[in-house]
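Chains as they are written, first to last, in our numbering: chain A, 1 to 110; chain B, 1 to 283; chain C, 1 to 289.
Backbone N, C-alpha and C fix where the C-beta goes; we use that ideal spot for every residue, glycine too.
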Amino acid sequence: MIVCVPSRGLTVDSQMDDRFGRAAYFAFFDTDTNTARVEPNPHAGGSGGVGPMAVQFLVKNNVQILIAPRLGGNADEALKASGITVIMQNPDVTVQAAYNAWKANPENAL
Amino acid sequence: MQIVIASGKGGTGKTTVTSNLGYVLSQSRTITLADCDVEEPNLGIFFPCVPEIHPVHVIIPQVNESQCMHCGACGEFCRFGALTVLKDRVLFFPQLCHSCGGCFRVCPHDALEETPAYVGEVHTCHLSDSLTLVSGKLKEGDVRTTAVIRRVREMTGNDPLVLLDSPPGTACPFIETVDDVSLCVLVTEPTPFGLHDLSVAVNVLDVLNIPAVVVINRSEGSDELIEEYCSVRGIPILMKIPLDFPLLTAQNNGDLISRTDPAWFERFKELGEKILAYAGGVS
Amino acid sequence: MIQVAVVSGKGGTGKTILTASLATLLSQDKVLIDADVDAANLALLLSPTDRKTLEFKGMDGAVIDTESCIGCGICAEACVYDAIRKAGDIYEIVPYRCEGCGSCTIVCPEDAVSMASRITGMIHYADTPLGPLLYGSLTPGSGNSGLLVHRLRQEAGLLRPDVPLVLIDGPPGIGCPLISTITGIQIAILVTEPSKSAQSDLQRLITLCRSFRVRMFLVINRSDVNQNITEDILRLAAENEIMVLGTIPFDRTVLNATRQGVPVVRMSGAASEAIHQITQNLSKELDQL
């Protein structure tokens, strides 16, 4: 399955982004193939509705788990409807560290 | 002819001026008052009546899930984020929708149905043979202020003489009210806030190419702040309305001072004639 | 973090003047936001030192390539905002009417319309003796006030994520910018005055704040100018279970202080005294949160 972590930078060693809708990048970890890729958030610079747009981007990328900092109301609503599981994580860690923390304790879902 | 009474800053006396001008001018000509402050309409307080109510609707999409293939085209198109396409359904956020109609165009499967959404109403009152009041009122909690203003303007667009009471501010609602009118009368107060907001409003009117004149309200004789600014910008000051407690009391109570006080009737008559003369000159 | 917004419904009731005084007297560490981006006046009372400005980009705007445009007018018909007008043989976008929806780009048979980012305002960061101040300004002719307010609040959160108090000077009205101001706040201080207009506006604001589940407090400014309406408003507050923080009498020192660019409570007078009392009452409530 695909696990998503918002990222401030281009690599998994970048700091986790403390925003969701306007996150600079999204990191996608594939638990089946043990690979990761980081993509720019196409709607990062958007002025409105970026939360739902980001959810749509995650749906397109088949994300099942989102490791997130804080979420706006519209993003929250869209995520609940999408079936993506949200795990809250303090964003002062690297993207890789956030993923590792989840992997060590995957039952710790919200 | 359409003339807007605006200010930039709230509370400077737009409605006081519009209501009294409307009353006074209607004694000698046919005039329509349009309340475009649809978020907080107050003109009606001075002209109680039983209105005709016209609901205002905008078009929003409703997803027909049996036709929808979840292709994602509408979600990709909508720049407001109002449509989110999931694996098995489409989410619609009405508070983000701007009713542009684009989603209906991009859907390849005819899965979006045009549906009316109520956003507010317009109240019309025929107060006399020469005075009509048209007031917009936005539904509390809705954000489509400009849609209701547009309807007010559509309903008054063909009337011979219209005085529009503008909302405060200098962005979309103000712009929707003032676009394409003959003249904007800016009511200001001789204070630092009044001056600052006047200058913002004037800059917007410049972009829209609408001529402006100024009325100083609550003047106590020391209006240099405003006078200097208007002089530099070449904006005529048509009148200085003095700070007057009987005026404030009457208006605060919902009464028109020009109805009960002949001196004020004359003052507003003079202001009205000056405004019409100026508007006639610049059109 | 507690977020408190000073709002009114009707313009000109004294929000900015009260906000500046509250900011002066409340002892908590705070960030100040002027959310009245159409007409930002709070800075005029706080002696700010501007630190930096950030461009604010609202919605992208449509642009017509004059060389490709064949003057068919299909875009103008499709535009529900009347933002496309004829200009000689071709068509042009009226930027201050364009909402950035992009419908024109999909109907143009010649692919002559595209969307481009546009700077619709600025976010200003300033230091004041009372704490950091964030305020916005709009490019003349631009909209998106609500979005700019939203950004100001986000930037404040990023600037000082642990600050105990965010104090927001709100815009008039009950539309987009006001809704962006009160979303997610804990407390709204409603400032009104004894006039029928203000009373009517207050009722609509109360209805809105209620639906956002914001705890409301009331201040009546210039209360002695009309005792009857003041009583009506006090009754309205009681019916709605809104605690009245206090009333402020009409006082000329308010204008003097504003002209000198200082908060009212830095001078002495009846209004200053009343605001001191109001702040004490507010403080007690804030301490209990």
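task = Can you tell me which of C:12, C:235, C:223, C:55 puts its alpha carbon nearest to the alpha carbon of residue 123 (chain C)?
result = C:55
ask   = Which value, in whole angstroms, describes the spacing of the CA atoms of residue 97 (chain B) and residue 31 (chain B)?
value = Between the C-alpha atoms of residue 97 (chain B) and residue 31 (chain B) there is a straight-line separation of about 36 angstroms.
message = Using 8 angstroms for Cβ pairs, my map puts residue 278 (chain C) next to residue 225 (chain C). What's the rounded Cβ distance?
response = Not a contact, Cβ separation roughly 18 angstroms.
query = Is residue 131 (chain B) near residue 258 (chain B), with beta carbons less than 8 angstroms apart?
reply = The answer is no: Cβ separation not under 8 angstroms.
Interface partners of residue 248 (chain B) on chain C, CB under 8 angstroms = Simply 225.
message = What are the residues in the region 40-68 of chain A lying within 8 angstroms of chain C by C-beta distance?
response = 45, 47, 48
query = Sorted by chain position, which residues of the same chain lie with C-beta nearer than 7 angstroms to residue 109 (chain A)'s C-beta, five sequence neighbours on each side aside?
reply = At residue 109 (chain A) the pLDDT is 48, less than 50, meaning the model places this residue with poor confidence; the figure from the coordinates comes in the next sentence. Closer than 7 angstroms at Cβ, skipping near neighbours: 85, 87.
query = When we look at the beta-carbon of residue 222 (chain B) and count the other beta-carbons within 10 Å, is it buried (16 or more) or exposed?
reply = exposed
Chain-ordered neighbours of residue 20 (chain C) on chain B, where CB pairs are closer than 7 angstroms = Going along chain B, no residue has its Cβ under 7 angstroms from residue 20 (chain C), so there is no contact; the nearest lies around 11 angstroms.
ask   = Is the beta carbon of residue 66 (chain C) within less than 7 angstroms of some heavy atom of the ligand SAM?
value = The ligand SAM is absent from the structure shown, which contains no ligands of any kind.
query = So residue 54 (chain A) and residue 75 (chain A) are in contact, right, with Cβ under 8 angstroms, and what is the actual spacing, rounded?
reply = 7 angstroms
message = Can you pull out the residues from the region 181-197 of chain B whose beta carbon lies closer than 9 angstroms to at least one beta carbon of chain C?
response = 189, 191, 192, 193, 196, 197
inquiry  = Which residue wins for smallest C-alpha separation from residue 119 (chain B), given the options B:143, B:129, B:100, B:133?
reply    = B:143
task = Pull out every residue of the region 78-90 of chain B whose Cβ sits closer than 9 angstroms to any Cβ of chain A, in chain order.
result = Only those residues of the region 78-90 of chain B whose C-beta falls short of 9 angstroms from the nearest C-beta of chain A are listed: 78, 79, 80, 81, 82, 83, 84, 85, 86, 87, 88, 89.
key: Every unbroken alpha helix (DSSP H) inside the region 195-223 of chain C [4 residues or more]   = 196-211
Among A:35, A:50, A:91, the one whose alpha carbon lies nearest that of residue 2 (chain A) = Ranked by how close their Cα comes to the Cα of residue 2 (chain A), the residues A:35, A:50, A:91 have A:35 in first place.
message = 8 angstroms is my cut-off, CB to CB: does residue 112 (chain B) come that close to chain A?
response = no
key: Buried versus exposed, by CB contacts within 10 Å (16 or more), residue 280 (chain C)   = Looking at its Cβ environment, which holds fewer than 16 other Cβ atoms inside 10 Å, residue 280 (chain C) is exposed.
query = Is the region 104-111 of chain C touching the region 101-120 of chain B, taking contact as three or more C-beta pairs under 8 angstroms?
reply = Touching, yes.
inquiry  = Within 8 angstroms of any Cβ in chain A, is that where the Cβ of residue 147 (chain C) sits?
reply    = yes
request  = Sort B:207, B:14, B:49, B:214 by Cα distance to residue 171 (chain B) and report the nearest one.
outcome  = In this structure, B:207 is the residue among B:207, B:14, B:49, B:214 with its C-alpha nearest to the C-alpha of residue 171 (chain B).
ask   = Exposed or buried, what is residue 67 (chain B) when buried is set at 16 or more other beta-carbons lying within 10 Å of its beta-carbon?
value = Residue 67 (chain B) is exposed by the Cβ-count criterion.
inquiry  = At the 8 angstroms Cβ level, is residue 24 (chain A) part of the contact set with chain B, yes or no?
reply    = no
ask   = Roughly how many angstroms separate the alpha carbons of residue 350 (chain C) and residue 138 (chain C), rounded to a whole number?
value = Lying outside 1 to 289, the shown extent of chain C, residue 350 (chain C) is not represented and no answer is given.
task = Check the Cβ-Cβ distances between residue 58 (chain C) and every residue of chain A, and say whether any is below 8 angstroms.
result = yes
message = Strictly under 8 angstroms for the Cβ-Cβ distance: is residue 7 (chain A) near chain B by that measure?
response = No - not a single Cβ of chain B is within 8 angstroms of the one on residue 7 (chain A).
task = Using a Cβ-Cβ cut-off of 8 angstroms, state whether residue 240 (chain B) counts as contacting chain C.
result = no
ask   = Whose C-beta lies closer than 7 angstroms to the C-beta of residue 156 (chain B) among residues of the same chain, with five residues either side of it excluded?
value = Contacts found: 32, 34, 134, 162.
Selection of the region 166-183 of chain C by Cβ proximity to chain B, strictly under 9 angstroms = 171, 172, 173, 174, 175, 176, 177, 178, 179
task = Would you kindly check if the distance between the Cβ of residue 249 (chain C) and the Cβ of residue 45 (chain C) is under 8 angstroms?
result = no
request  = Would you mind sorting residue 16 (chain A) into buried or exposed? The rule is 16 or more other CB atoms within 10 Å of its CB.
outcome  = Counting Cβ neighbours within 10 Å, residue 16 (chain A) comes out buried, since at least 16 surround it.
task = Could you name the residues of the same chain whose beta carbon sits closer than 6 angstroms to that of residue 115 (chain B), not counting the 5 residues immediately before and after it, in chain order?
result = 60, 62
query = Enumerated in chain order, which unbroken segments of the beta strand (DSSP E) with a length of 3 residues or greater are wholly contained in the region 27-89 of chain C?
reply = 30-34, 49-57, 61-64, 84-87
Continuous alpha helix (DSSP H) stretch holding residue 262 (chain B): start and end = In the DSSP assignment, residue 262 (chain B) falls within the alpha helix (DSSP H) that extends over 262-282.
message = I want to see whether chain A comes within less than 8 angstroms of residue 144 (chain C), judged by CB atoms only; does it?
response = yes
message = I'd like to confirm the pairing. Which residues does DSSP put opposite residue 240 (chain B) in its beta bridges?
response = B:216
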